Every structure is written in C-alpha cells, then in structure tokens.
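Colleague: Taking UniProt numbering, I'd label the letters of the sequence shown as residues 1 to 520. Here a beta-carbon is modelled for each residue, glycine too, at the ideal position from N, C-alpha and C. Everything numeric in this text was worked out from a predicted model, so none of it was measured.
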Amino acid sequence: MAQFYFSQTSVTQEFHAPLSLFELHQQIREELEMAFPESYWVVAEISQVTPDRRKGHCYLNLVDKGNDARGAIQAQARATIWSSRFQMLGRYFEEKTGQPLKAGLKILFQAQVRFHELYGLSLDIVNIDANYTIGDLARQRQETLKRLEVEGLLTSNKELEMPLVPQRLAIVSSATAAGYQDFIHQLENNSYGYTFDTRLFPATVQGNEAPASIVKAMDLIARYSHLFDAIVIIRGGGSQTDLGCFDDYKVAAAIGNSPLPVITGIGHERDESTADIVAHTRQKTPTAVANFLLEKALAFETEIEGLFDSIHMFAGQQLRLSADKLERQSLKISNITNAYLQENREQLEHFSKSLLLKPKNFLENQKRQLLNAERLLQANTKDVLHLRGKELSELSVCVEGISQRWLHMKEQDLNKLVHCIETEAKDKHKRSQLSFVKCSDRLQYSAQKKLSTDSHRLDLLEMRIQANDPEKLLLRGYTLTLINGKIIKHIGQVKEGDVIETRLHDGSVHSLVVNKDENE
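(1) Taking buried to mean at least 16 other C-beta atoms within 10 Å of its own C-beta, is residue 264 buried or exposed?
(2) Only counting runs of 3 or more residues, tell me where the beta strand (DSSP E) segments fall wholly within the UniProt domain "OB-fold nucleic acid binding" (20-128), in order along the chain.
(3) Could you check whether residue 125 and residue 142 sit closer than 9 Å to each other, using their CB atoms as the reference points?
(4) Which of the three DSSP states is assigned to residue 514 in this structure?
(5) Can you tell me which residues form a DSSP beta bridge with residue 202?
(6) Can you tell me whether DSSP reads residue 395 as helix, strand or coil?
(7) CB residue 230 to CB residue 260, shorter than 9 Å?
(8) Beta carbon of residue 203, beta carbon of residue 213: below 9 Å?
(9) Determine the DSSP secondary structure at residue 358, reduced to helix, strand or coil.
(10) What would DSSP say about residue 501, mapped onto helix, strand or coil?
(11) Apart from the five residues just before and just after residue 197, which ones in its own chain have a Cβ nearer than 8 Å to its Cβ?
(12) Beta-carbon within less than 7 Å of residue 516's beta-carbon, same chain only, minus the 5 sequence neighbours each way: which residues are those?
(13) For a quick check, are the C-beta atoms of residue 291 and residue 186 less than 9 Å apart?
(14) Can you tell which of 298, 443 and 161 has the C-alpha that lies nearest to the C-alpha of residue 195?
(15) If you draw a straight line from the alpha carbon of residue 130 to that of residue 97, how long is it in whole angstroms?
(16) When the Cα of residue 514 is compared with those of 408, 112, 500 and 506, which residue comes out closest?
(17) Tell me the rounded alpha-carbon separation between residue 127 and residue 487.
(18) Going by beta-carbon coordinates alone, are residue 115 and residue 23 separated by less than 9 Å?
(19) With DSSP collapsed to three states, give me the class of residue 252.
(20) If we call anything under 9 Å between Cβ atoms a contact, is residue 252 one with residue 148?
(21) Using the DSSP secondary-structure output, state which residues sit across from residue 509 in a beta bridge.
(22) My output table needs one value for residue 476: the three-state DSSP class, helix, strand or coil.
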C-alpha cells in the first residue's frame, strides 16, 4: 500500500494562515454585498410564517418547488419583513387578496440579499406585489375546477336526487361554531313542529388543518350513508381570510364523491367557494340552510294536504254521480212499472166488460127463445105449461150459478196477475236501492281504507322519529358524558384531573376525575 507523508513545513508553505469562522462569514457578507448591491424581484412559495407579536417583525420560510410534479423542494431561504414595513405590507396584502400572508401562498416580492455572521443568509423583503398572488390564486382555482370537471366531480353531487323531506342530517362543522348553534336552534324551534335527526361530525373549518379534517369527516359519513338523507357543511360568520380551506381540491373532491347530496352554508355572500360550486345546493348562511330544509318540509306537507283534498273531493263527486245515476234508474224503473200496470189494468177492464156482456146476451137469447116457445105452447095444456115453466126456472138458476162461478174465477185470476205485477215492481225497486247502497258503501270503504293506510304510515313515521329523540333517551335513564363540549366515547379521552359534564333529562352534573379504571 502506498503511503503519503506531508511535513509541517510543506503545509505552511503551500497554504495561507487559517481563517476563523467569523472571518470567513465576514468575507462572504462583503462579497455578497458587492455582488448583490441592489434589491431583486423574486417568486417563491411561503412554507411557514412566524410573526413576532412583541417586536412586530414577520419571519418567513420560503421555498421553490419549480415545475416538479412531485412537489420536491429545489431551494429554500429565510426572509424577514421588519416591523416598520410589515404593518404597511401586511395590511396592503390582506386588503388586496382577501387573506393574510400564510403558508401555501405564492408571492412576488422585492428583497435585498443579506448575510449575517451569526444567522447566515436571509432576505429582507421591502415590497410585495399582491396582484401576482391574486392571479396565482385565480389560476389555482381554475386548475382545481378544470381538474374536477375532467374527473367528473364538478356536477356529480348535483346529479344526486335530493329527498323530498331530508330529515336525517349529517352535519360537518365545529361544535363550538356560532353558525352550528344557530342552525340547530332554527331547526329545533320551528313554528311548524317539524322534527329533524341531526348528527354532528366535528371538523376544523378554518386554518391549514381544515381540509384534512373536513375530508376525514366526509369519509366517515360515506361509511354510514344509509343512515342519512343529506350532508350539511356549515361554518357561520368569519372573515374572508378564513375561508381558503373551502377552495381546496381535496374538500371539493370529497363533496363530488359523496353518495349523499351536500348542502353548504359557509356564511359568506360575496364570493362563491369551490365547495359551493361542487355541492348539490348552496345557501348563504347556516340559518338559510335551516330555512331551506323547513321550506322543503312545508312544501311536502302542503302537497300532501292538497292530494288529500283532491281525493276527498273526487270521492264525493263519485258518490254524488252514483247517487244521481241510481236515482235516475229508480225513476225509470218506476215509470216502466206504472206504464206496465196501467196497460194491463186497461186490458183487464176490457176483458171484464166482455165477460159481463156474454152472460147477459146469453140470457136474453134464452128469454127470447122461451117467449117464442111460450107462444107456441099457449095452445097446449096447463100441465105442459107448468112443466115448461118449471124447466125454465131450473135452467135459469143453473145458468146464473155457472155465470157467477165463472166470473169469480176470472176475478181471482185478475187479482193474482195484479199481485204478481206489483210484487215484481217492488222487487226491482228493492234491488235498485240495494245496488245503490252497496256501491256507496264500497266507495266509502275504499276512501276510508286509503285514508287509514296513509294515516297509519304517518303515525309509524312519527313514532320512529320520536323513538330516536335524544330527550326521550335521557328520560329513560340514559346519560350523556362530555368533556370540553365533546361526547366521551372511550376511556382514553379522559385523564385524571379532568372536569366532565354528565347530562341528565332534568339538568347537568359536573364531576372531577379522581381515577379511572380501564378494561383489559
């Protein structure tokens, strides 16, 4: 193996005397001041902002990711906006862009290169072009909308069918947000007596952590989408600077992929966020969302009442038409029966008259014959006359008896015929009335059955809603345990020394945790 040896004399002859680190940094500072004597306009992305509340300075970490699709950092530097300039530049930037200097923004700034022996290289920012950031934000927004459109997420949530009466609501909001409290108060204290089943999925709705928090809540709701009718994303009041999370692509994509229609009530009227554009329905405020839900319930109730009135009116019309029809049929049958009876009565009278005339004519003929015979026999003896008179009397009695019996039989036949006709007419009239009664009963039964079925369905729905009322669960002996306004679901959320709140049906109890036992 080759070995190399350097003597001390050779090293001192070839190199200058060593510099201290401070001296080296001094030379670097002097060289940089000579190489960069002026200020320069630079484009960079803010990765961190640290304001100095006491002195009024603002410290920034800047990065340059270039055009790398993976977002790898190619360069980074520290920058400072001194208090004398930060008060002016910070206020100007926020007024122009609608948001303060924060991580994730791309800025165009004018800076001077500085090097400090102790702190190293840094940039002193003396000016910021807010128009560049506005254009970059607009470009990012357009890129986000274009990406959503290419992926089919821009209108996918709008294509979902909104239930006629969305009552089971999954709410994405902060539990302490004033907008959430206003929304719940508006729903629970409506003048119509409508009830809603609301469940809060807590999420941060402002700041850098907000997009991930909202997406996490949306993913959790998607797993239990069969339990809800719609999703409500609400935030409430706040400055325009706090609403940047609702332009985030991940939040918009979560709404576009949602299996349930999404209603937004973010609480700003001037601008429309990307989340508003992708959502099924956009309302201005949480209170407006509550009013929207109440109006849908009222419209449905009004429609149901209108259908009920239409059914009731139609049933009444059908009953009246059936009654009129039956009355006309009854009158027609009565007229036909009367005409038939009148016709047969005339025939009977004619027949009766003819029957009465025949015996009289027969008797008159017999009398004429007897008179003729009497004239012929006047010459005979008194015995013959007496005998003929006796025969004549017997014959007269016989004829009269036969005539009476024959007339009596014909009268009985006539009475039977009249009775049969009257009985038939009465039976037809009774059948007509019975058909009318059956038709009326059938219509009334159908209408009552339909009304009873709808009423029973509404009662079952009301019982189901009331069974899930949290107040009733508390009345049964159940309690809710909360810490810092959040419901405790496992023992790991509590530690010794915490103050917990236990809600009963008639009040609340606050307790101090002395110890806790965990199940193995």
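Modeller: Taking the geometry as given:
(1) For the purposes of this step, residue 264 is taken as the residue at position 264 of the sequence shown. Under this definition residue 264 is a buried residue.
(2) 39-51, 58-64, 75-81 and 106-116
(3) Position 142 of the sequence shown, counted from the start, is the residue given in the question as residue 142. Position 125 of the sequence shown, counted from the start, is the residue given in the question as residue 125. Going by C-beta atoms, residue 142 is not nearer than 9 Å to residue 125.
(4) What you label residue 514 is simply residue 514 of the sequence shown in a count that begins at 1. Of the three classes helix, strand and coil, the one that applies to residue 514 here is coil, per DSSP.
(5) Translated into the one-based positions of the sequence shown, residue 202 becomes position 202. Note: residue 202 sits in a beta bridge opposite 173.
(6) Looking up residue 395 in the sequence shown gives position 395. Residue state, collapsed to three classes: helix.
(7) Your numbering for residue 230 matches position 230 in the sequence shown. Your numbering for residue 260 matches position 260 in the sequence shown. Against a cut-off of 9 Å, the Cβ pair of residue 260 and residue 230 comes out as a contact.
(8) Along the sequence shown, one-based indexing puts residue 203 at 203. Along the sequence shown, one-based indexing puts residue 213 at 213. Yes, these two residues count as a Cβ contact at 9 Å.
(9) For the purposes of this step, residue 358 is identified with residue 358 of the sequence shown, where counting begins at 1. Helix.
(10) Numbered from 1 along the sequence shown, position 501 holds the residue referred to as residue 501. Strand, per DSSP.
(11) Locating residue 197 in the sequence shown gives position 197, counting from the first residue. So the qualifying residues of the chain are 167, 168, 169, 465 and 468.
(12) Within the sequence shown, residue 516 is the residue found at index 516, counting from 1. Only 491, 494 and 496 meet the Cβ criterion.
(13) In the sequence shown, counting from the first residue as 1, residue 291 sits at position 291. In the sequence shown, counting from the first residue as 1, residue 186 sits at position 186. In contact: residue 291 and residue 186 (Cβ atoms closer than 9 Å).
(14) To locate residue 195, count along the sequence shown from 1; it is residue 195. Per the Cα distances, 298.
(15) Along the sequence shown, read from residue 1 onward, the residue named residue 130 stands at position 130. Along the sequence shown, read from residue 1 onward, the residue named residue 97 stands at position 97. Going by the C-alpha atoms only, they are around 7 Å apart.
(16) As a working note, residue 514 is residue 514 in the sequence shown. It is 500.
(17) Within the sequence shown, the letter at position 127 stands for residue 127. Within the sequence shown, the letter at position 487 stands for residue 487. Approximately 49 Å between the Cα atoms of the pair.
(18) Here residue 115 corresponds to residue number 115 of the sequence shown, with the count starting at 1. Here residue 23 corresponds to residue number 23 of the sequence shown, with the count starting at 1. Their beta carbons are not under 9 Å apart, which means residue 115 does not touch residue 23 by this criterion.
(19) In the sequence shown, the residue the question calls residue 252 occupies position 252. If DSSP states are grouped into helix, strand and coil, residue 252 belongs with the helices.
(20) Position 252 of the sequence shown, counted from the first residue, corresponds to residue 252. Position 148 of the sequence shown, counted from the first residue, corresponds to residue 148. Contact: yes.
(21) Taking the first residue of the sequence shown as position 1, residue 509 is located at position 509. Residue 509 pairs with 502.
(22) Here the question's residue 476 lines up with position 476 in the sequence shown. If DSSP states are grouped into helix, strand and coil, residue 476 belongs with coil.
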